[in-house]
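Residue numbers (the numbering used here), protein chains in the order written: chain A, 25 to 139; chain B, 717 to 895. All remarks here apply to the structure that follows.
As structure tokens, then:
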């Protein structure tokens, strides 16, 4: 007597069959899984999806533009370094584009002379 | 096995009745295959459910001209293999790190008969060896069919079958000597 042959014969006889509600249980688990797997996109109702998509795209574009456009400084490097040392007279000389009036010029010269 | 390929197309389109038809048509086959490796009805049913969930999750990957029953058998065997490996790892971990059952040791266990010993030896085999052996000896599949189902070469299947038989003979031989 071969024990392995007997075992294999015995194993061949042992078969479980699906119960009557097996299919329903599989489908119920399938539905459960689908509900769990639905993401934020599936929560948004179908009718509002295009609006939602456009809004998302616009927000994304705004951030991309913000990232890509370089920050322009309000003033140049030289201006910034000189500013602390500039006297009102120097400020007129270097920064003001308009010529000061005669009275102001005289005041400035007087100030220079005093120094 | 006769199979309506239209079912796959309908299932891929999300038709619920097609899912139902697939489960109805193939559940017996899946149950039979899993029964070869698991002895409790609950385990068999749980695994069969897992198999169908996996199949439906990947239903888009199946071509309508593909051999669906063969593909389903492969998913079933792979699921069994994963579960057997998990069970084996848990068992090893329990034996290594689990509490010592001193109280139970004092009670002499009933000696299994010859069939029981052979069954224990088969269950103790590595799933890599056990699955091809069971498919060959119990399911009576050919080497070619086993290779296709397990995704192995025919040579690899033959090597595994040879090792499985040798290992079983050695386990049964050593147990016989111990007695």
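Glycine is no exception: its CB is placed at the ideal position from the N, C-alpha and C atoms.
By DSSP, does residue i sit in helix, in strand, or in coil?
| i | result |
| --- | --- |
| residue 738 of chain B | helix |
| residue 868 of chain B | coil |
| residue 896 of chain B | Look at the range of chain B in this structure, 717 to 895, and you will see that residue 896 of chain B is not part of it. |
| residue 778 of chain B | coil |
| residue 122 of chain A | coil |
| residue 58 of chain A | helix |
| residue 30 of chain A | helix |
| residue 45 of chain A | coil |
| residue 746 of chain B | helix |
| residue 832 of chain B | helix |
| residue 889 of chain B | helix |
| residue 2 of chain A | Nothing can be reported for residue 2 of chain A, as the shown portion of chain A is limited to 25 through 139. |
| residue 728 of chain B | helix |
| residue 839 of chain B | helix |
| residue 71 of chain A | helix |
| residue 854 of chain B | coil |
| residue 98 of chain A | coil |
| residue 756 of chain B | coil |
| residue 721 of chain B | coil |
| residue 876 of chain B | helix |
| residue 783 of chain B | coil |
| residue 38 of chain A | coil |
| residue 111 of chain A | coil |
Given residue i, which residues of its chain have a CB within under 6 angstroms of its CB, disregarding the five upstream and five downstream residues?
| i | result |
| --- | --- |
| residue 843 of chain B | 797, 800 and 801 |
| residue 720 of chain B | none |
| residue 848 of chain B | 862, 873, 876 and 877 |
| residue 780 of chain B | 721, 724 and 725 |
| residue 676 of chain B | There is simply no residue 676 of chain B to check, as chain B begins at 717 and stops at 895 in what is shown. |
| residue 741 of chain B | none |
Would you kindly check if the distance between the Cβ of residue j and the Cβ of residue i is under 8 angstroms?
| i | j | result |
| --- | --- | --- |
| residue 735 of chain B | residue 54 of chain A | yes |
| residue 764 of chain B | residue 42 of chain A | yes |
| residue 35 of chain A | residue 854 of chain B | yes |
| residue 885 of chain B | residue 845 of chain B | no |
| residue 767 of chain B | residue 739 of chain B | no |
| residue 57 of chain A | residue 769 of chain B | yes |
| residue 835 of chain B | residue 31 of chain A | yes |
| residue 751 of chain B | residue 49 of chain A | no |
| residue 830 of chain B | residue 27 of chain A | yes |
| residue 76 of chain A | residue 757 of chain B | no |
Can you list, in chain order, the residues of its chain whose CB lies under 7 angstroms from that of residue i, leaving out five sequence neighbours each side?
| i | result |
| --- | --- |
| residue 789 of chain B | 749 and 865 |
| residue 778 of chain B | 724, 784 and 787 |
| residue 95 of chain A | none |
| residue 883 of chain B | 841 and 845 |
| residue 852 of chain B | 862 and 877 |
| residue 776 of chain B | 728 |
Only counting the same chain, and skipping five residues up and downstream in sequence, which positions put a Cβ closer than 8 angstroms to that of residue i?
| i | result |
| --- | --- |
| residue 857 of chain B | 851 and 865 |
| residue 743 of chain B | 764 and 768 |
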